[in-house]
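So the structure is just underneath, and the comments pick up after that.
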């Protein structure tokens with residue numbers, strides 16, 4: 229049972245900083261920020277959400293993970309926040325994850341927060357579990373008067389970044405993936421590589437704020453669950469449920485931004501008309517349609533936008549929007565299980581692509597290319613795709629971020645490598661300072 233109170237408020241940068249500073253006293257924190265000006269935001273119910281302080285939690289490896297989450301969610305019938313790692317694929321299909329893992333995140337981790345703050349256009353709705361409701365007004369007063377200074381929004385980190393896969397090795401592996409494609413084993417594979425730093429301590433909060441400042445993505449996430457941290461500047465929605473409507477918005481197709489307006493527009497138009505990028509996007513749109521059609525009401529799967537280019541602070545991205553309607557009786561967790569992992573991070577056909585990815589990548593993906601998000605008490609949900617994200621285990625002092633791209637028959641290895649470096653730019657800048 230939750231006590232609900234509403235306040236009229238504008239979500240300014242100063243208030244965001246206050247919320248984040250105040251939240252650091254708790255072991256479990258999740259901050260989801262749509263960064264307002266995002267043009268994908270018409271699909272988001274909230275401008276931002278903060279959830280803190282676990283009352284209950286579930287933390288498990290992939291064995292029967294979705295069944296355990298289903299049981300937890302149906303019994304709790306409350307707000308739940310957390311993450312799904314890519315390696316839950318092993319719960320959905322007969323697959324394995326044997327690659328090197330420096331982060332050691334549990335495969336699935338969700339918590340029921342004591343305190344939730346939901347920001348809408350001109351108000352915040354605060355929901356506290358009733359045994360802490362006497363703290364609500366005092367907390368809000370403390371947040372609005374918080375005055376901790378941020379270290380001029382620069383991350384204090386100076387991590388030394390290493391590549392898990394050397395450039396030569398990357399080209400060698402990519403050519404082998406292309407052999408699989410030319411043989412007809414798969415049409416497309418999302419091939420990724422890890423950048424990492426060992427024995428490194430970072431200031432998670434300042435690092436996140438700096439990353440968010442330079443990227444301003446629609447699905448930014450600061451997540452801290454004990455020693456497990458995710459600082460995400462994700463531009464991509466994996467899947468959401470609002471009532472009986474399901475929305476998935478895969479991204480495939482990337483171009484860099486240019487400071488000159490005319491040059492920037494030229495790059496955007498080139499991306500819109502690039503046959504390779506369009507074919508990548510259409511393949512994954514088709515895969516998502518196929519995933520949704522397994523449980524959608526007959527005839528309701530629709531492609532609302534195909535290959536539409538959206539511009540973000542660091543890159544132009546090609547996004548497709550696929551929707552469907554589901555039966556009221558369909559459980560939230562089963563919708564996620566049927567579509568997991570997201571097609572934009574695997575390839576097509578999905579299972580064959582995942583086997584090939586596992587063979588050639590040098591690091592276990594873990595939370596990278598998994599998802600962070602929430603369930604509402606009514607069973608609605610919204611999850612992003614964990615890309616453009618820094619992952620950190622504060623106990624192991626291990627920092628990691630991965631980048632990748634879709635490999636198709638038309639892929640040019642040098643261009644794929646260059647795309648990886650463009651995607652890595654913001655995270656590298658923040659970590660190496």
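In our numbering, the protein residues as written are 229 to 661.
No residue lacks a Cβ here, since even glycine has one placed at the ideal position from N, Cα and C.
Bounds of any alpha helix (DSSP H) do not take in residue 477; it lies within the beta strand (DSSP E) bounded by 473-477. Take residue 571, set aside five residues on each side of it, and the residues of its chain with a beta-carbon closer than 8 Å to its own are 478, 512, 515, 516, 519 and 578, in chain order. Here DSSP, grouped into helix, strand and coil, assigns residue 272 to coil. CA-to-CA, the gap between residue 349 and residue 617 works out to about 27 Å. Here the alpha carbons of residue 656 and residue 393 stand approximately 16 Å from one another. Rounded to the nearest whole angstrom, the C-alpha separation of residue 235 and residue 345 is 11 Å.
The way I'd put it, the segment 522-534 doesn't touch the segment 585-596; fewer than three beta-carbon pairs between them come closer than 8 Å. Looking at the DSSP output, residue 286 shares a beta bridge with 338. The shortest C-alpha to C-alpha distance from residue 454 to any of 239, 257 and 232 is the one to 257. Cβ-Cβ separation between residue 553 and residue 604: approximately 18 Å, too far for a contact (criterion under 8 Å). Look at the beta carbons and you see the segment 433-450 not touching the segment 397-417: under three pairs across the two are nearer than 8 Å. DSSP places residue 551 in the strand class (E or B) of the three-state scheme.
The beta-carbon distance between residue 230 and residue 358, rounded to whole angstroms, is 7 Å. This is short enough to meet the 8 Å contact definition. Within the same chain, Cβ atoms closer than 6 Å to the Cβ of residue 573 are found at 418 and 597, the five residues on either side in sequence being excluded. Contact check for residue 277 and residue 297: beta-carbon distance about 19 Å, past the 8 Å limit, so the pair fails to qualify. Residue 347 has 276 and 352 as its beta-bridge partners, per DSSP. The Cβ-Cβ distance between residue 492 and residue 443 does not fall below 9 Å.
DSSP lists 276 and 448 as the beta-bridge partner residues of residue 261. Fully enclosed beta strand (DSSP E) runs of no fewer than 3 residues occupy 530-539 and 543-553 of the segment 523-589, in order along the chain.
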